[in-house]
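A.B. asks: Let me begin by handing over the structure; questions about it come next.
Protein chains in written order, with the working numbering: chain A, 12 to 192; chain B, 151 to 789; chain C, 67 to 168.
Put into structure tokens, the structure is as follows:
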């Protein structure tokens, strides 16, 4: 998909690398912005909408990382399933007062400090030399390759995950059930 | 050679342990355990006896108390004296325990009684087997303790409790002397074993003193004059106890002790003479008291004292085998007498012979055995007592002390008289009060019959009829050969005559003219009667001489205690109180202050720190992230 | 091409924003959303390393798949809990839920 798009752009005289870089930084910047709005918006419903956008942005970033399958999964599961769930939960609890006047208090300042500190530390770590790539993988991972891996090398974790999903399903039903008295 | 004799006391001791701990649960089975243990001891004693006949003797066990220049070798004595005593003690012990099943059947402390009896048997057998004075003294005190426990067995009765104490304290006086005697002997010879007694030499004065002090112990234990006062009171205990401990075995321990140390006495004649005279005084004294007493058990108690004195007398004139022979025969018939008395008391529940009478018709077995025992103790041939008494009389006659012979002869007369006074008053005539007679149960009558057989035949081994086998068996090993006593028909005839005349006298007084004559005699010799029935005022004398002064001293000391010592104690206490008040002040202000200060400081801090504990999850998370940040920074900076 | 470090910076930004949200949102659902952000940041990291370090068998991607699955499971359970709490306390504001407070 992306390759098709790139092909199209290069055919019209736009250099491929420039296009890729421009789109990536645009998408990444927007995604970070959306993420920021997720945590900052007063209305929880707005947060949910921004979260959808953020997740979509992340899915796009996956494309730049040669992970088309994961991008699809991200959209299908996160946006299609998990976010639906969030919105259901918001609906079910919306009569509670969710709008809050946000004032900058000590807690928020400290939290911001912690977040920034961690970000700064991460930056410092990223700039260390140890991360420099050794070899690029010659061919991007195809869907076939992932499917084979899941069914062979990671067969057991895969089954465990399915078991975990089942447990979460049953647990959620039990927790959310209205007890009859 | 099998060394098992030291196991003999173990069985009764094991029975004691079992009965004292599990007696409540065992109930009647405790008697079976005690008797089984006793029977086992009897069997072992028999085996030991057979071994002795084959020439097996004493043997060492282990070394105890090892000092630089002295080692106490603990061993087991096995000689003819020990064996004879072992057989007597175990056989009579077994029979009396069987008898006790019936006698004590209604008692709430049934198993306790058998526990004590077992402990007594263990101590007594240990005493017999001991081969040195220290071990003997341990068991000596053991039997003393059992005697105390059993005399005051019915301690709810105040007289019984007091009798127990009296017995214990009186014997203790003798035991103190005994202990000092042992110390003297040790100082003089640095040897505590009996075997060493036969070859001591030098330092005659010290050894004589030691012998006399050891005899003190015998006086206490065997209730000789002047410490005889405890034995009659000891009759407050259950009758089987009186039979076993205060007639047959424990009181004979004194005689046994003298016999055991006979080597010492023999080489130090003054001590031996002292033994003879103490025995003579005791025997006459006790026999005369017995003639007027009216309590069936006390008569027998005085008789026991008298007979023990008789044995002492026999030993005192050098009649080692005669004395021990009488010790053996006496054990059988005196046990029998007590058991008969017990059987009678069990039936009629009174002890005053003036209220009894005519019992023979209803209690044939008891009556018959009673008469057999009476004949034996009176010295009528061919019963056992005759042979042993005859031996002693012969010894005294040949020893050259006319006064002693007169005393012995007088005692024989008195013995026959009081014994048949007892028999006639109890068994014959008409009942002088309401008596509900019934024969005792089988467990009581069978021991009576067995003992009666012994009372008849036990004398034969020492009689000329069997060539004096007993005497040649028992003779002192230490060179003192058995005296080759050809039967002395004069003495035999004389003693028979004395016995028969005593019986005849009793018959005249108590059967023929039952009412008139005794009272006439009594009024005629009123002062003498008073003297006798008050037991020569010994108790009063001791009360005046020792107990009252002791009481006075004790009161003075108590006053001293209250005034001076308590005063000092109180003053000390007051000082302590003042000191404590000072300490309390220090405690409350300084120590508590410091503690409170610490607490307040901590409180102050926590009051502030408590605010961190907001209950808000996010606040906690925030701290956690700060922690994470710090850790990462640290890692980055240090690296 | 886009260097590896830029992906990582993007991921770090998402992560920091997620943490800020977790620490400041009053609404329990908001906290859960912030957690989703953090998980996404992690996934971006995983896939970045998968690409640039050339892990065999697509380990990074598969790991990211598992993370998504677990995120789904945790979201399900978390939301169920939120609803249960709401039913009992009539509120999903975490600063109202202070039963643990001294």
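Each residue gets a CB set at the ideal place from its N, CA and C atoms; glycine is no exception.
Closer than 8 angstroms, Cβ to Cβ, to anything on chain A: give me those residues from the stretch 761-786 of chain B, in chain order.
C.D. replies: Result list: 768, 769, 772, 775, 776, 778, 779, 782, 783 and 786.
A.B. asks: Hey, could you find the ends of the beta strand (DSSP E) residue 226/B is sitting in?
C.D. replies: 221-226 is the span of the beta strand (DSSP E), which, as asked, contains residue 226/B.
A.B. asks: What residue range is occupied by the uninterrupted beta strand (DSSP E) comprising residue 217/B?
C.D. replies: Note, residue 217/B: premise wrong, no beta strand (DSSP E); not H, not E.
A.B. asks: Identify whether residue 159/C lies in helix, strand or coil by the three-state DSSP scheme.
C.D. replies: Residue state, collapsed to three classes: strand.
A.B. asks: By a C-beta neighbour count over all protein chains shown, 10 Å radius and 16 as the cutoff for buried, is residue 628/B buried or exposed?
C.D. replies: Reliability fails at residue 628/B, whose pLDDT of 43 lies under 50, so the model's placement of it is uncertain and the value that follows must be treated cautiously. Exposed.
A.B. asks: If you draw a straight line from the C-alpha of residue 198/B to the C-alpha of residue 298/B, how long is it?
C.D. replies: In a straight line, the C-alpha of residue 198/B is about 30 angstroms away from that of residue 298/B.
A.B. asks: What's the gap between the Cα of residue 771/B and the Cα of residue 89/C?
C.D. replies: Spanning the two alpha carbons is a distance of roughly 7 angstroms.
A.B. asks: Taking C-alpha atoms, which residue in 648/B, 560/B and 224/B lies nearest to residue 209/B?
C.D. replies: Comparing Cα-Cα distances from residue 209/B to each of 648/B, 560/B and 224/B, the minimum goes to 224/B.
A.B. asks: What's the gap between the Cα of residue 58/A and the Cα of residue 100/A?
C.D. replies: Whole-angstrom Cα-Cα distance: 13 angstroms.
A.B. asks: In or out: residue 162/A buried (at least 16 other Cβ within 10 Å) or exposed?
C.D. replies: Classification for residue 162/A: exposed.
A.B. asks: Between which residues of its own chain and residue 324/B is the CB-CB distance below 6 angstroms, once the five residues before and five after are set aside?
C.D. replies: Correct list, in chain order: 366, 367, 369, 370 and 377.
A.B. asks: Assuming residue 85/C contacts residue 784/B under a Cβ cut-off of 8 angstroms, what Cβ separation, rounded to an integer in Å, is found between them?
C.D. replies: With 8 angstroms as the limit, residue 85/C and residue 784/B do not qualify as a contact, their Cβ atoms being about 19 angstroms apart.
A.B. asks: Using 8 angstroms as the limit for Cβ to Cβ distance, is residue 121/A near chain B?
C.D. replies: Closer than 8 angstroms: yes.
A.B. asks: Please determine, among 100/C, 110/C, 113/C and 104/C, the residue with the shortest C-alpha to C-alpha distance to residue 52/A.
C.D. replies: If we check each option's Cα against that of residue 52/A, 100/C comes out closest.
A.B. asks: Cβ of residue 30/A less than 8 angstroms from any chain C Cβ?
C.D. replies: Not one chain C Cβ lies under 8 angstroms of residue 30/A.
A.B. asks: Tell me which same chain residues have a C-beta within less than 6 angstroms of the C-beta of residue 591/B, skipping the five on either side of it?
C.D. replies: Answer for residue 591/B: 252, listed in chain order.
A.B. asks: Between the stretch 172-180 of chain A and the stretch 139-156 of chain C, are three or more C-beta pairs nearer than 8 angstroms?
C.D. replies: With the cut-off at 8 angstroms, the stretch 172-180 of chain A and the stretch 139-156 of chain C touch.
A.B. asks: Would you report the Cα separation of residue 673/B and residue 679/B, rounded to the nearest angstrom?
C.D. replies: Cα-Cα distance, rounded: 8 angstroms.
A.B. asks: Along chain C, in chain order, which residues have C-beta atoms closer than 7 angstroms to that of residue 168/A?
C.D. replies: What residue 168/A touches in chain C: 132.
A.B. asks: Since residue 309/B and residue 386/B are thought to touch, with beta carbons under 8 angstroms apart, how far apart are those beta carbons, to the nearest angstrom?
C.D. replies: Residue 309/B to residue 386/B, Cβ: 5 angstroms. Contact.
A.B. asks: Starting from the C-beta of residue 633/B, find all residues in its chain whose C-beta is less than 6 angstroms away, skip the five residues before and the five after it, and write them out in chain order.
C.D. replies: Because the pLDDT at residue 633/B is just 49, under 50, the model does not fix this residue reliably, and the value given afterwards should be weighed accordingly. If we look at residue 633/B and ignore the five residues flanking it on each side, it has no Cβ neighbours.
A.B. asks: Which residue wins for smallest C-alpha separation from residue 315/B, given the options 294/B, 329/B and 330/B?
C.D. replies: Answer by Cα proximity: 294/B.
A.B. asks: Looking at residue 661/B and residue 578/B, is the spacing between their C-beta atoms short of 8 angstroms?
C.D. replies: Taking 8 angstroms as the Cβ cut-off, residue 578/B and residue 661/B qualify as a contacting pair.
A.B. asks: Please tell me whether residue 89/C has its Cβ less than 8 angstroms away from any Cβ of chain B.
C.D. replies: Yes, residue 89/C lies at the interface with chain B (some Cβ there is under 8 angstroms from its Cβ).
A.B. asks: Could you say which of 178/B, 290/B, 155/B and 212/B lies nearest to residue 237/B if we only look at CA atoms?
C.D. replies: Out of 178/B, 290/B, 155/B and 212/B, 155/B has the C-alpha closest to the C-alpha of residue 237/B.
A.B. asks: Note down the Cα distance separating residue 166/B from residue 262/B, rounded to an integer number of angstroms.
C.D. replies: Taking the straight line joining both Cα atoms gives about 9 angstroms.
A.B. asks: Using only the alpha-carbon positions, how far apart do residue 764/B and residue 125/A sit?
C.D. replies: Cα to Cα, residue 764/B sits roughly 19 angstroms from residue 125/A.
A.B. asks: Rounded to whole angstroms, what's the CA-CA distance from residue 319/B to residue 641/B? Just pull it up for me.
C.D. replies: Distance between the alpha carbons of residue 319/B and residue 641/B: 40 angstroms.
A.B. asks: Restricting to Cα atoms, I'd like to know which of 176/A, 36/A and 135/A is closest to residue 787/B.
C.D. replies: Answer by Cα proximity: 135/A.
A.B. asks: Answer with buried or exposed for residue 77/A, where buried requires no fewer than 16 other C-beta atoms within 10 angstroms of its C-beta.
C.D. replies: Buried: at least 16 other Cβ atoms inside 10 Å.
A.B. asks: Quick one: which chain A residues come within Cβ less than 9 angstroms of residue 104/C?
C.D. replies: Going along chain A, no residue has its Cβ under 9 angstroms from residue 104/C, so there is no contact; the nearest lies around 10 angstroms.
A.B. asks: Thinking C-beta only, is residue 158/B closer than 8 angstroms to residue 245/B?
C.D. replies: Taking 8 angstroms as the Cβ cut-off, residue 245/B and residue 158/B do not qualify as a contacting pair.
A.B. asks: Taking residue 60/A as the reference, which of 79/A, 90/A and 31/A has the closest Cα?
C.D. replies: Here the closest residue by C-alpha is 90/A.
A.B. asks: List the residues of chain B whose Cβ lies closer than 9 angstroms to the Cβ of residue 160/C, in chain order.
C.D. replies: Per Cβ cutoff of 9 angstroms: 766, 767 and 768.
A.B. asks: Would residue 205/A pass as an interface residue toward chain B - the criterion being a Cβ-Cβ separation below 8 angstroms?
C.D. replies: The question about residue 205/A has no answer, for chain A in this structure spans 12 to 192.
A.B. asks: Taking the alpha-carbon of residue 341/B as reference, which of 516/B, 307/B, 285/B and 381/B has the nearest alpha-carbon?
C.D. replies: Ranking 516/B, 307/B, 285/B and 381/B by Cα distance to residue 341/B puts 285/B first.
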